[in-house]
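Student: Before I ask anything, let me first share the structure, which is written out below as structure tokens.
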Amino acid sequence: MSYLILNANRSVGTIHKNIYGQFSEHLGRCIYQGLYVGPDSPILNRNGMRTDVVDALKALHLPVLRWPGGCFADTYHWQDGIGPQSGRKTIVNTNWGGVTEDNSFGTHEFMELCRQIGCEPYLSGNVGSGTVQEFSDWVEYCNMPGTSPMASLRRRNGREEPWNVRYWGIGNEAWGCGGNMRAEYYADLCRQYSTYLRSYAPDQKLFRIASGANVDDYHWTETVVERAGRQIDAVSLHYYTVPGPDGQHKGSATRFTPAEYYHTLHKALFMEELVENHSRIIRRYQGDRKIGLAVDEWGTWYDVEPGTNPGFLYQQNTMRDALVAAVNLNIFNNHCDTVWMANIAQVVNVLQAMVLTEGDRMLTTPTYHVFEMYKGHQNARQLESYAETTLLGQEEEQVPELHLSASQQQDGSILLTVANLNDARPVPLHCLLAGARAARVEGRVLTGRPDAHNTFDAPARVAPRPLDAALTEDGFTATLPPCSVAAFTLLPA
Ligand code: AHR
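The end of the sequence shown is residue 492 by numbering that gives the first Met the number 0, with every number in the run present.
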């Protein structure tokens with residue numbers, strides 16, 4: 000029996016809903032075919048957006064969507080993607096497969112997508128190959144309610160009201176595809192760009208996100224926060240779980256050994272060390288202005304599916320991915336005092352996706368189901384939780400058997416999410432509840448072999464099902480199947 004302790008008297012803060020954010024880039028079949036098929040497509044759509052995909056994302060309560068990149072953002076000139084679609088400039092997507100980009104999906108289309116999903120837009124501006132003026136104009140185009148050159152242009156393109164975009168990324172991976180800059184140089188550019196991203200109404204408060212560190216580049220975070228901290232609201236962090244030894248051999252998404260399974264989970268758990276170290280640096284250098292961490296790219300990255308374009312980053316998604324998602328979301332929940340946003344990469348057909356499509360067919364992945372089971376954490380009060388658990392796996396690469404987070408809604412109900420990382424053993428658990436009493440407990444579980452996944456012919460092979468849980472005097476008991484993610488809702492007495 001493993002004991003879990005859940006303390007409703009202790010919390011580090013509110014879990015910002017934006018931790019459940021997503022990322023969409025002009026990459027492979029994410030935008031085109033995945034999200035957008037155009038109004039004339041035989042695939043069911045509303046104003047060009049795939050109805051099946053939008054409905055699936057709405058059901059997740061997706062709070063915020065990042066666009067247009069990624070590396071693509073620092074080659075993107077937003078004015079290429081406005082006005083009549085037939086007149087838009089055709090460019091080459093130099094980062095992702097060298098394919099032709101016809102710009103038929105641009106600012107207006109992205110805003111329409113966000114409207115349909117019911118999420119907030121997060122626009123990543125071009126710092127690497129754009130200009131301060133171009134970026135500043137984009138903000139004016141999106142947000143100016145009155146009369147101005149950019150507001151008039153927007154109106155000529157059919158949109159009267161401003162969209163009031165709040166989240167703006169100042170470049171992407173400025174240390175790499177976003178310009179190969181030094182931290183010191185980027186920090187100065189960040190100050191400059193930030194100065195010209197204006198608010199156009201008294202209640203319009205922009206949230207500026209600086210391009211952040213690659214993995215454990217602590218010098219980057221320190222330099223950006225120390226030098227540009229007064230101009231930003233958050234600094235980003237990118238960390239991918241890549242099981243393979245190098246960029247050429249990242250490992251298969253569906254064929255892996257038990258040792259590779261534990262190795263992947265161990266790599267995913269490294270996120271906790273990164274979040275803690277970057278957060279400590281932010282706290283040390285932020286001065287009197289609070290700055291958050293936006294983990295605006297995270298997730299698994301494997302070799303592409305055999306036979307697919309290597310530049311399109313299309314990969315399958317198994318129960319192993321579900322556990323990676325659960326572990327990361329638990330980490331973000333438990334560090335919600337500094338993690339204010341996170342955006343898994345990417346939402347459709349790219350890397351650790353929620354949804355995969357093939358023609359007019361769509362499936363939801365095990366990762367999708369984890370996001371659905373965890374959605375009750377959005378905007379809830381994080382609660383301290385602890386597992387008395389054993390360690391599994393190789394000596395230097397051990398992982399805990401159980402990994403968890405918990406939160407409480409305003410109405411007093413508690414959501415506890417627990418992953419059983421053990422690929423072979425069911426774990427009986429007894430959860431002890433302090434500071435609250437439950438009248439009812441409801442459990443759901445997602446489970447399967449580590450390589451279990453959904454296909455277009457069997458799209459519901461991996462899906463959540465009810466899990467028995469029994470109330471006790473001091474909490475509840477349940478048994479977690481091997482390789483599983485469970486969500487328990489405790490309803491107040
Ligand atoms: O998500 C794929 C790519 O990974 C993004 O374009 C880039 O920012 C990162 O390196």
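Think of the CB as a built atom: it goes at the ideal place given N, C-alpha and C, for glycine as much as any other residue.
1) Given the structure, does asparagine 171 come close to the ligand AHR, in the sense that its CB is under 7 Å from one of the ligand's heavy atoms?
2) Which residues in the same chain as threonine 478 place their Cβ atom closer than 6 Å to its Cβ, once the five residues preceding and following it in sequence are excluded?
3) Measuring CB to CB, does proline 244 end up less than 8 Å from histidine 262?
4) According to DSSP, simplified to helix, strand and coil, what is alanine 405?
5) Use the C-beta contact count for histidine 218: other C-beta atoms within 10 angstroms, 16 or more gives buried, fewer gives exposed.
6) Note the first and the last residue of the continuous alpha helix (DSSP H) segment covering alanine 182.
7) Just mark methionine 270 as buried or exposed, buried being the case when its beta carbon has 16 or more other beta carbons within 10 Å.
8) With 16 other CB atoms within 10 Å as the buried threshold, where does aspartate 136 fall?
9) Under 7 Å Cβ to Cβ from lysine 16, same chain only, skipping five residues before and after it: list those, please.
10) Rounded to whole angstroms, what's the CA-CA distance from glycine 474 to phenylalanine 487? Just pull it up for me.
11) For tyrosine 184, is the classification buried or exposed, using 16 other Cβ atoms within 10 angstroms of its Cβ as the cut-off for buried?
12) Taking 7 Å as the cut-off, does the CB of phenylalanine 71 come closer than this to any heavy atom belonging to the ligand AHR?
13) Determine the closest residue to glycine 434 out of Tyr2, His107, Arg9 and Lys57, with distance taken between C-alpha atoms.
14) Let me know the secondary structure DSSP gives leucine 205 once reduced to three states.
15) According to DSSP, simplified to helix, strand and coil, what is serine 235?
16) For arginine 254 and arginine 360, what's the separation of their Cα atoms in angstroms?
17) Fully enclosed by the stretch 35–60, which alpha helix (DSSP H) runs are 4 residues long or longer?
18) Starting from phenylalanine 331, follow the alpha helix (DSSP H) in both directions and report where the run begins and ends.
19) Can we count histidine 237 as close to the ligand AHR, meaning its CB is less than 7 Å from some heavy atom?
20) For cysteine 70, does the three-state DSSP call read helix, strand or coil?
21) Going by the C-beta, is leucine 34 closer than 7 Å to any heavy atom of the ligand AHR?
22) What are the boundary residues of the alpha helix (DSSP H) that includes histidine 134?
23) To the nearest angstrom, report how far apart glutamate 395 and alanine 258 are at their CA atoms.
24) Give a single yes or no on whether glutamate 272 has its beta carbon closer than 7 Å to a heavy atom of the ligand AHR.
25) Just to check, is the beta-carbon of histidine 218 closer than 7 Å to a non-hydrogen atom of the ligand FMN?
26) Between the Cα of proline 365 and the Cα atoms of Pro309, Thr337, Thr389 and Ala324, which residue gives the shortest distance?
27) Over what stretch of residues does the beta strand (DSSP E) that includes serine 251 continue unbroken?
28) How many Å lie between glycine 178 and cysteine 430 at the Cα?
29) For alanine 492, verify whether its CB is less than 7 Å away from any heavy atom of the ligand AHR.
30) Tell me which residue opens and which closes the beta strand (DSSP E) that tryptophan 219 is part of.
31) Would the beta-carbon of cysteine 482 fall within 8 Å of that of proline 458?
32) Return the CA-CA distance between valine 303 and threonine 146, expressed in angstroms with no decimal places.
33) Quick one: grab the DSSP three-state call for glutamine 381.
34) Between the C-alpha atoms of serine 210 and glycine 168, what's the straight-line distance to the nearest angstrom?
35) Ends of the beta strand (DSSP E) at methionine 340?
36) I need the straight-line Cα distance from asparagine 6 to threonine 476, nearest angstrom please.
Tutor: According to the structure shown:
1) yes
2) Pro425 and Pro427
3) no
4) strand
5) exposed
6) 182–194
7) buried
8) buried
9) Pro62, Gln377 and Asn378
10) 11 Å
11) exposed
12) yes
13) Arg9
14) coil
15) strand
16) 24 Å
17) 50–58
18) 318–333
19) yes
20) helix
21) no
22) According to the sequence displayed, residue 134 carries phenylalanine and not histidine. Taken as a continuous stretch (DSSP letters only), the alpha helix (DSSP H) holding phenylalanine 134 covers 131–142.
23) 13 Å
24) no
25) Annotation note on the ligand FMN: not contained in the displayed structure, which lists the ligand AHR as its ligands.
26) Ala324
27) Looking at the DSSP string, serine 251 is not in any beta strand (DSSP E), and its letter there is neither H nor E.
28) 50 Å
29) no
30) Tryptophan 219 -> not in any beta strand (DSSP E); alpha helix (DSSP H) instead, spanning 217–227.
31) no
32) 48 Å
33) strand
34) 7 Å
35) 338–344
36) 16 Å
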